[in-house]
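Each residue of the sequence shown is one higher than the one before, starting from -11 at the first, in the working numbering.
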Amino acid sequence: MVSITWICLFVVAYHYVGYPALVWLLARLRPRPTRQGAALPTMSLIVAAYNEAEVIAAKVENSLALDYPPERLEIIFVTDGSDDGTPEIVAAHRGQGVRLLHQPRRQGKSAAINRAAAQASGEILVFSDANAFYLPDAPRMLARHFADEAVGGVSGKKTIRRSDAGISESSSLYWRYESAIKTHESAIGSTVGVVGEMMAVRRRLFHPIPPDIINDDAYLAVRLCRDGARVIYEPAATCWETAAESSQQEQIRRRRITAGRFQLLFRPRVWPWRSPWTLFALFSHKFLRLLLPFFLIGAFLGAILAAWRGEGGLWLRLALAIQAGGALLALWGAWQERAGQRGRIQALAYFLFNGNWNTLQGLARYLRGQQTVLWQKARREKLPAE
């Protein structure tokens, strides 16, 4: 029982600390920088939007204000199935060079992306969401990596605009942690964690996404790696969005993403078998996260049982105390959120607890076939006033 407990704790520590430390070290020992250039390839910005009337006008204006030659930037909005006025808002900007693709039937984000990609003219396809707002130089930061023919995809960095809600701060901390990991993965070879709000793909390497795929961004990245291309993370290409308005809304998003990861886990034919390092990173960074709840439960129950039997000594009891302390912090964070209060450490503990709980919920949704491509979007905080 003591051995099982330590194995479980080791796996948890490896995922949260060991793997990030490993890629940090390898990025310094054997970096593989891309060959960058100043050329600006033609680019098609594709925004899939479903019932986004609250933010779509701001997204259109944001897209038109990007620092990229207008004659080399095509802007396409796909609003399939929207019935809240989103298509009409986009259509009002047609005279400014914005293209609108709309059909009454909603078939999911992957189908919308495929339809737009088939009609796009740019050498580079950039996929975005309606609630993701780019900094002006983001397209240039993405484009410079495509001077290297080995690069098939480039993902940007997402930041969270905080409000007074604790979930905003904890979510922001999580994204900074993820950004560091992806930066180091990219320096070694390819990153397996991409930002769907800003994902650029070389058009000749784009393959239509299967219509049942839940996480289109993850599929695109893994498919590019499988085909032998590099996927780069460029933190200087930045976009921002507001946080989910509550932890409950964040759970909706994370359960969907988790169900999509399980879908990818059970489709080994699309794994990057040609790149042993990328395959290792995929398991360490993404797939292992799907198993963490089971290792956390095993470590906690194993430590309790070992302590009850008088086994394991002081170190195991210390590990049990740390686990119990983390659980109490998560409960404290849950209480604070419901009370409208804010505590950084407590909110982060609650955020991580929710992440693992949502992993179990996402697995259940995937196994039951409840997660479809017509997923419910999470409600987010209002855009900040200018």
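Don't be surprised by glycine CBs; every beta carbon is placed ideally from N, CA and C.
A quick note: this is a predicted structure, and the numbers were derived from the prediction, not measured.
Does DSSP put residue i in a helix, a strand or coil?
i: K170; result: helix
i: E222; result: strand
i: R87; result: strand
i: S272; result: helix
i: L28; result: coil
i: L371; result: coil
i: E238; result: helix
i: I34; result: strand
i: I202; result: coil
i: F194; result: coil
i: V377; result: Since the displayed the chain opens at -11 and closes at 374, residue 377 lies outside it and no answer follows.
i: V66; result: strand
i: S425; result: The question about residue 425 has no answer, for the chain in this structure spans -11 to 374.
Distance check for residue j and residue i, CA to CA, integer angstroms please.
i: W163; j: T147; result: 7 Å
i: F65; j: L308; result: 52 Å
i: V78; j: R87; result: 8 Å
i: A375; j: V114; result: Here the chain has residues from -11 to 374 only, and residue 375 is not among them.
i: S178; j: R356; result: 33 Å
i: T230; j: R149; result: 5 Å
i: I(-5); j: S263; result: 28 Å
i: I285; j: G69; result: 42 Å
i: L252; j: L279; result: 14 Å
i: S(-9); j: F250; result: 28 Å
i: R244; j: K274; result: 14 Å
i: I333; j: I112; result: 41 Å
What does residue i pair with, by DSSP beta-bridge criteria?
i: F134; result: Paired residues: none, contrary to the question.
i: C227; result: Y122 and K146
i: D117; result: A36
i: L61; result: M31
i: A188; result: V114 and V142
For residue i, verify whether its CB is less than 7 Å away from any heavy atom of the ligand PLP.
i: D72; result: Among the ligands in the structure shown, none appear at all, so the ligand PLP cannot be discussed.
Quick one, which of the options has its alpha-carbon nearest residue i's?
i: Y165; options: A247, V43 and P223; result: P223
i: R93; options: R103, G85 and Q84; result: R103
i: F283; options: A9, S(-9) and L(-3); result: L(-3)
i: C227; options: P256, E185 and A318; result: E185
i: E238; options: G350, K97 and I220; result: G350
i: D72; options: I63, L348 and H90; result: H90
i: R16; options: H172, W296 and E111; result: H172
i: Q24; options: G85, A9, V142 and F288; result: V142
i: W265; options: A175, N346, W345 and S98; result: A175
i: P57; options: S116, W259 and A126; result: A126
i: S98; options: A188, N203, V182 and G6; result: N203
i: I101; options: D205, A291, Y221 and L336; result: D205
i: S167; options: W320, G144, E62 and A36; result: G144
Between residue i and residue j, how many whole angstroms is the CB-CB distance? I'm expecting something under 8 Å.
i: S32; j: S109; result: 6 Å
i: P196; j: V361; result: About 14 Å; that fails the 8 Å criterion.
i: L267; j: W261; result: 7 Å
i: A138; j: A27; result: So it is not a contact: roughly 16 Å between Cβ atoms.
i: L304; j: T(-7); result: 7 Å
i: A46; j: L371; result: 6 Å
Is the CB of residue i under 8 Å away from at least one CB in chain B?
i: G298; result: In the displayed structure, chain B is absent; only one protein chain is listed.
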